[in-house]
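Enquirer: Chains as they are written, first to last, in full-length UniProt numbering: chain V, 1 to 442; chain R, 1 to 442.
As structure tokens, then:
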């Protein structure tokens, strides 16, 4: 995919400056020291899940592949690095021909993960790999946080459709990525047209309170909406008095009215009353959509309410209390010299404290019990035990610099459903707890 | 500023799809009903501050102005809206010549705000104003959340410089906007090169643990870094043993060593020990930078430590517990007919519950006591009392569709310092509390 294919509303000619300055200064110093070409293995992983969460959801892999492909240096970028003396001339020359030429393996999008899971493994020269740290982490940390919240909300919704409508609560492009991650996590549609444009996610939306207030009466507003959008539209019924609005709505649209939306008040109570009223008016097929500050707990508490769809905004795009993951990108192995045949040695930060990590190039597999239910995330650096070979989690994403694992977003969405189904049932509990399966190092 | 001036690394040819679908369907229905042209006033405001916060910080105004200017419909966007049947043909025709032609007044960037403050007031036809809702809220909600966190951290840092380094913890473009908002809120620099490129924010960065681990010894790594980046560089001293690293660092770079960075452990304790050691080694001018999971509370707790600069990541870009604001964009007044001379009438949602709002086109002023310290945020819809005329907060940003209030980012940064200085001292308390001044409606 080249830059043009990235499409509107944002064309990203290069992702090369979505990078912390120290990546560049490290490349400069390593080039001078003759160590930049040492074959290296970096891994992205998280030391822990957000507090109380039972599992993580891998989001953003497709976006990472786009970012790696578009990580290159045109005259504008090089000019900036030169004019601001970020790096020296030899480094600029090296950057000018930069293309990632290494290999990337990773958990496929939609898969679940646990503490220590080697979600992405990036191999190549030190210099080509270290430069990708920031943009890879930005994407994985953001998109995985949103996908995890979406997954919990989907479980809470128990099959009722979820509409992503959080664009206004987050950065305008974060919103597009959030719609994408929400779709992977089980949402059905989005209000965000940019997400529809960029990723083909189904878009929905009819009207806001402003539309009712624009008109001389609620009746005028409803009539205007039905005249233009048809009887199948969704009318917003809580601008003034809900019962009166529902009566007016069915009077104007008839029992073919598509849906009513409730955006305030005690949703459980109001939904019951509105359902009863709609049924009494013969609008038995008219659906009820609720959309007021919902999170997974509010959604679960509405399980007994006659609600047909949920619209979720703020809590989705802010990861329901955990707007980022704590994924890090660490050098875990590197060659002893710049010789391409030099053996790899494991490396890891040794300083005391919570930030130490496990060195070595890792594999991961999910061990299941006799019923096919996951019982452990197994991570190792040596040979993969025979019984786990078929249970391995990392797949090849980039081979010699070429992306080899493009897939439609629906594939990631389906994978997430399968991955969740293979977890212990307690994964679906919203209450705080430990990861549903332990991580074992072998 | 046209699209080309928006610069790298993201060119935004149009912001028109950063929009919820219902904005478009409302325009379609209003066009058909003959109400789309009614002169309207929308206001962006928040009903409350995040729990416990004493004040809000207006972030993103400059980005809003860019977004309004670039909100237009090219063939690609119109084709998408057509192909997906988002709107009908008359609406597509209307959109094809869309340019916002109205007026926008607002709080200038860096100003503080309180519950009810009319942060942005957008006036024009209903259709041209309603379309801007989503993108305006995306920008204000995101950027103001980050600016508020930055402001608290700046207060906690008490004049010591703060480095924004959260790019890896948030969406890659959210990161760029976060650097910008952090700068407005008092940060000095950023690690994010895209923010340096796009907004001219000073960038910094030298090396990570990976650089030390790449080399055969810490000594080799330090020597490679100093050889390339000079003695004034910042060496990361916590990969193995801190005391040994500091000794090696000064041995290699001499007392001219710019700084050492500590990224783990008990920062208070380690900073004291490192300072003593540096002083004993004669490196009395070598600075200490700390960077481990800092927030405003951690920064404040290090006030007594010999720390020269703080690097802040996760907590900055996630708004320190409040990653979004609750700003809404509401129709508060509209004409009784499409006649441009028709008088405006106040409108507001009337349904019971927390979501009701105050109708009418508002002014705002900050009343001060005899010492020049703010004592109330005064908001009204009628004539401005004579004593408050000079204290008004809204400034003209867009006049007849033309942006009239561009300013350098440093102006917003300076304004924030002035605005904070005019608040009661308790604004600087990090503990939870009520807004430092009350909002009065007159």
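Even glycine gets a Cβ: it sits at the ideal position worked out from N, Cα and C.
Assign residue 207(R) to buried or exposed, taking buried as 16 or more other Cβ atoms, counted over all protein chains shown, within 10 Å of its Cβ.
Expert: Counting Cβ neighbours within 10 Å, residue 207(R) comes out buried, since at least 16 surround it.
Enquirer: Within 9 Å of any Cβ in chain V, is that where the Cβ of residue 10(R) sits?
Expert: Confidence is the limiting factor: at residue 10(R) the pLDDT is only 44, short of 50, which leaves the residue's position unreliable and the question unanswerable from this model.
Enquirer: By a C-beta neighbour count over all protein chains shown, 10 Å radius and 16 as the cutoff for buried, is residue 408(V) buried or exposed?
Expert: Burial call: exposed.
Enquirer: By how many angstroms is the C-alpha of residue 42(V) removed from the C-alpha of residue 4(V)?
Expert: For residue 4(V), the predicted model reports a pLDDT of 31, less than 50, meaning its position is unreliable; a value from the coordinates is still stated below. Spanning the two alpha carbons is a distance of roughly 30 Å.
Enquirer: Taking Cβ-Cβ distances shorter than 8 Å, what residues in chain V pair up with residue 334(R)?
Expert: 213, 214, listed in chain order.
Enquirer: If we ignore side chains and look at the alpha-carbon of each, how far apart do residue 342(R) and residue 335(R) end up?
Expert: About 5 Å.
Enquirer: Just to check my reading of the structure: residue 302(V) and residue 267(V) have Cβ atoms closer than 8 Å, yes? What is that Cβ distance to the nearest angstrom?
Expert: At roughly 6 Å, the Cβ-Cβ gap stays under 8 Å, so residue 302(V) and residue 267(V) are in contact.
Enquirer: Less than 9 Å separating the beta-carbons of residue 62(V) and residue 415(V)?
Expert: It is not a contact, given that the beta carbons lie outside the stated cut-off.
Enquirer: Does the distance from the C-beta atom of residue 263(V) to that of residue 292(V) stay below 9 Å?
Expert: Going by C-beta atoms, residue 263(V) is nearer than 9 Å to residue 292(V).
Enquirer: Scan the stretch 62-114 of chain R and note each continuous alpha helix (DSSP H) run of 4 residues or more that stays entirely inside, going in chain order.
Expert: If we require 4 residues or more, the alpha helix (DSSP H) runs fully inside the stretch 62-114 of chain R come out as 75-83, 89-96.
Enquirer: How big is the Cα-Cα spacing for residue 77(V) and residue 165(V)?
Expert: Going from the Cα of residue 77(V) to the Cα of residue 165(V) covers about 35 Å.
Enquirer: Identify whether residue 317(R) lies in helix, strand or coil by the three-state DSSP scheme.
Expert: Helix, per DSSP.
Enquirer: I need the straight-line Cα distance from residue 422(V) to residue 374(V), nearest angstrom please.
Expert: Cα-Cα distance, rounded: 6 Å.
Enquirer: Can you list, in chain order, the residues of the stretch 179-197 of chain R whose Cβ is nearer than 8 Å to any Cβ on chain V?
Expert: Per Cβ criterion, the list reads 191, 192, 193, 194, 196, 197.
Enquirer: Does any C-beta atom of chain V lie closer than 9 Å to the C-beta of residue 243(R)?
Expert: No, residue 243(R) does not count as interfacial toward chain V.
Enquirer: Do residue 103(R) and residue 389(R) have their CB atoms nearer than 9 Å?
Expert: Cβ distance not < 9 Å, so residue 103(R) and residue 389(R) don't count as in contact.
Enquirer: Would you say residue 2(R) faces chain V, with C-beta separation under 9 Å as the test?
Expert: Low per-residue confidence applies at residue 2(R): pLDDT is 30, beneath 50, and the placement is therefore not dependable enough to give any value.
Enquirer: Would you say residue 147(V) faces chain R, with C-beta separation under 9 Å as the test?
Expert: Closer than 9 Å: no.
Enquirer: Please determine, among 212(V), 369(V), 248(V), 163(V), the residue with the shortest C-alpha to C-alpha distance to residue 278(V).
Expert: Ranking the options by Cα distance to residue 278(V), first place goes to 248(V).
Enquirer: Give me the chain R residues within the contact set of residue 350(V), using Cβ-Cβ distance strictly less than 9 Å, ordered along the chain.
Expert: By Cβ distance, chain R contributes 239, 240, 241.
Enquirer: Does the pairing of the stretch 145-163 of chain V with the stretch 361-373 of chain V give three or more beta-carbon distances under 8 Å?
Expert: Contact between the stretch 145-163 of chain V and the stretch 361-373 of chain V is absent, because fewer than three Cβ pairs lie under 8 Å.
Enquirer: So, with DSSP's three-state summary, where would you put residue 14(V)?
Expert: Residue 14(V): coil per DSSP, three-state reduction.
Enquirer: Could you check how far apart the C-beta atoms of residue 430(R) and residue 218(R) are, in whole angstroms? I think they sit under 8 Å.
Expert: Incorrect: roughly 37 Å between the Cβ atoms, too far for contact.
Enquirer: Would you mind reading off the limits of the beta strand (DSSP E) that contains residue 46(V)?
Expert: 39-46 is the span of the beta strand (DSSP E), which, as asked, contains residue 46(V).
Enquirer: Grab the span of the alpha helix (DSSP H) containing residue 297(V) for me, first residue to last.
Expert: Unbroken alpha helix (DSSP H) run through residue 297(V): 296-301.
Enquirer: Interface residues of chain R around residue 135(V) at Cβ under 8 Å?
Expert: Those within 8 Å of residue 135(V) in chain R are 172.
Enquirer: Check whether the Cβ of residue 429(V) lies closer than 9 Å to any Cβ atom in chain R.
Expert: No, residue 429(V) lies away from the interface with chain R (no Cβ there is under 9 Å from its Cβ).
Enquirer: Indicate whether residue 230(V) and residue 184(V) have their beta-carbon atoms separated by less than 9 Å.
Expert: Against a cut-off of 9 Å, the Cβ pair of residue 184(V) and residue 230(V) comes out as no contact.
Enquirer: Note down the Cα distance separating residue 7(R) from residue 196(R), rounded to an integer number of angstroms.
Expert: Below a pLDDT of 50, predicted positions are generally treated as unreliable, and residue 7(R), at 34, falls in that range; the measurement from the model is reported next regardless. Using only the alpha carbons, I get a separation of about 11 Å.
Enquirer: Taking all protein chains shown into account, do 16 or more other C-beta atoms lie within 10 angstroms of the C-beta of residue 437(R), making it buried, or fewer, making it exposed?
Expert: So residue 437(R) ends up on the buried side.
Enquirer: Listing by chain order, which chain V residues have their CB less than 9 Å from the CB of residue 103(R)?
Expert: In chain order: nothing, as chain V lies at least about 18 Å away.
Enquirer: Would you check if the stretch 175-190 of chain V and the stretch 49-66 of chain V touch, i.e. whether three or more CB-CB distances between them fall below 8 Å?
Expert: In short, these stretches touch, since the Cβ pair count reaches three.
Enquirer: Report buried or exposed for residue 425(V), applying the criterion of at least 16 other Cβ atoms within 10 angstroms of its Cβ.
Expert: Classification of residue 425(V): exposed, given that the 10 Å Cβ count is below 16.
Enquirer: Hey, how far is the Cα of residue 157(R) from the Cα of residue 300(R)?
Expert: Residue 157(R) and residue 300(R): Cα-Cα distance of roughly 6 Å.
Enquirer: Got a sec: does the ligand FMN put a non-hydrogen atom nearer than 8 Å to the Cβ of residue 227(R)?
Expert: For the structure depicted, the ligand FMN is absent and the ligand set is empty, with no information on it obtainable.
Enquirer: How about the stretch 85-94 of chain R and the stretch 378-395 of chain R: do they share at least three Cβ pairs that are nearer than 8 Å?
Expert: No, the stretch 85-94 of chain R does not touch the stretch 378-395 of chain R.
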